[in-house]
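Quick note: to get my numbering, add 1274 to the position in the sequence shown (first position is 1).
We put the CB at the ideal spot given by N, CA and C, even for glycine.
It should be emphasised that the depicted structure is a prediction, and the values quoted were computed from it without experimental measurement.
Written out below as structure tokens is the structure these notes cover.
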Amino acid sequence: MIYSDWKLQLPISNGDDNIKEVSGDKLETYESEFFRHVAGGFVLTTPCSGVTTLGSHYPRTELREMHNGVMASWNILIGLHVLDAVIKLIHKPEKISVIFAQIKATGPFQILKLIFKNNTIFASYEMLNGKKRDVPLNLPHFDIYNQFHLKIEVFYGTINVFIDGANVLKFKSKRNNVYFKIGNYIQINDPTLKDIPGSELYVGCIHLNHKD
């Protein structure tokens, strides 16, 4: 992993009405209850109640793609863009979903979200007409608590998602100013559950590849 390719967003306040963030140059040595280095990667923990980014409702411990110290931004229609990683869900509260990978665009546009939900992986993605589609991925005998290899490949407007080498989703997009996110974005924010264990996720072997 090249730490400068990312910044870490945390489910706690920075003291100024926003979440705390850790820049890539500090990630190699940064540790907290939410972000722990382990062999081959790190463990991200998100509580059931926490501080959120502006405009969102749920807390996250998540990596946001960067480029040369500024927010990464690329065009889906131009070139090759790949995110590779090893993922292992360690724990999530029963009946609560967890988003673990995204392609987002500047503004309110959600191009792709991959979600641990109902004991499988769901994809929520934007079609060319701007409408959203939510589908379970075709993963026979899949166990969400088993480690797997994730690959998201964007090639001149076509997005493919691979789980352990199997092409489980293919769709097209024409958005510009987009970027990858990967991490632990729990889909609940309930102060009454603050003492209940939240979600915990292992992420390892992260690799980005961009070619125009």
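Closer than 6 Å by C-beta to residue i: which residues in its own chain qualify, once you throw out the five before and the five after it? Chain order, please.
| i | result |
| --- | --- |
| Thr1380 | Asn1451 |
| Lys1436 | It should be noted that the sequence gives Phe, not Lys, for residue 1436. Answer for Phe1436: Lys1425, listed in chain order. |
| His1484 | His1355 |
| Ser1297 | Lys1281 |
| Ser1371 | Ile1389, Lys1391, Gln1461 |
| Gly1353 | Lys1485, Asp1486 |
| Phe1445 | Tyr1399, Ile1433 |
| Lys1387 | Ile1373, Gln1376, Ser1398 |
| Met1275 | Ile1480 |
| Glu1302 | Tyr1277 |
| Pro1410 | Thr1394, Phe1396 |
Determine the direct distance from the alpha carbon of residue j to that of residue i, and round the result to whole angstroms.
| i | j | result |
| --- | --- | --- |
| Leu1351 | Gly1431 | 4 Å |
| Pro1414 | Ala1397 | 16 Å |
| Asp1340 | Ala1346 | The amino acid at residue 1340 is misidentified as Asp; the sequence shows Met. Each residue's Cα considered, the two are about 4 Å apart. |
| Gly1314 | Thr1394 | 25 Å |
| His1423 | Ile1480 | 10 Å |
| Gly1404 | Asp1464 | 31 Å |
| Ile1293 | Gly1439 | 35 Å |
| Val1428 | Asn1441 | 13 Å |
| Trp1348 | Tyr1419 | 32 Å |
Among the options, which has the Cα closest to the Cα of residue i?
| i | options | result |
| --- | --- | --- |
| Ile1462 | Arg1334, Met1275, Val1312, Tyr1304 | Arg1334 |
| Ser1306 | Asn1403, Thr1319, Ser1297 | Thr1319 |
| Glu1474 | His1484, Thr1466, Ile1460 | Ile1460 |
| Asp1290 | Asn1393, Leu1282, Leu1328 | Leu1328 |
| His1331 | Pro1471, Arg1338, Cys1322 | Cys1322 |
| Lys1366 | Lys1468, Phe1390, Glu1295 | Phe1390 |
| Pro1382 | Ser1371, Lys1406, Lys1369, Glu1368 | Lys1406 |
| Ala1375 | Leu1467, Ile1456, Arg1338 | Ile1456 |
| Ile1470 | Tyr1304, Ile1276, Lys1387, Glu1368 | Glu1368 |
| Lys1300 | Asn1412, Ser1278, Leu1284 | Ser1278 |
| Leu1284 | Asn1441, Tyr1304, Ile1276 | Tyr1304 |
| Phe1454 | Lys1378, Asp1408, Leu1411 | Lys1378 |
Give me, in chain order, the residues of the same chain whose beta-carbon lies closer than 8 Å to that of residue i; leave out the 5 immediate sequence neighbours on both sides.
| i | result |
| --- | --- |
| Gln1421 | Val1360, Ile1361, Lys1362, Tyr1476 |
Taking the Cβ atom as the reference point for each residue, do residue i and residue j lie within a distance shorter than 8 Å?
| i | j | result |
| --- | --- | --- |
| Val1356 | Leu1443 | no |
| Arg1449 | Ile1373 | no |
| Ile1364 | Val1312 | no |
| Ile1286 | Val1344 | no |
| Asn1458 | Glu1336 | yes |
Quick one: does residue i have its CB under 8 Å from some CB of chain B?
| i | result |
| --- | --- |
| Lys1444 | This model lacks chain B altogether, as it is built from one protein chain only. |
Output needed for residue i: all residues of its chain with C-beta closer than 7 Å, excluding positions within five of it in sequence on either side, in chain order.
| i | result |
| --- | --- |
| Glu1400 | Phe1383, Gln1384, Ile1385, Lys1406, Ser1447 |
| Lys1468 | Pro1321, Cys1322, Ser1323 |
| Arg1310 | Phe1316, Val1317 |
What are the start and end residues of each continuous beta strand (DSSP E) run of 3 or more residues lying completely inside the segment 1320-1383, in chain order?
1334-1341, 1354-1365, 1372-1379
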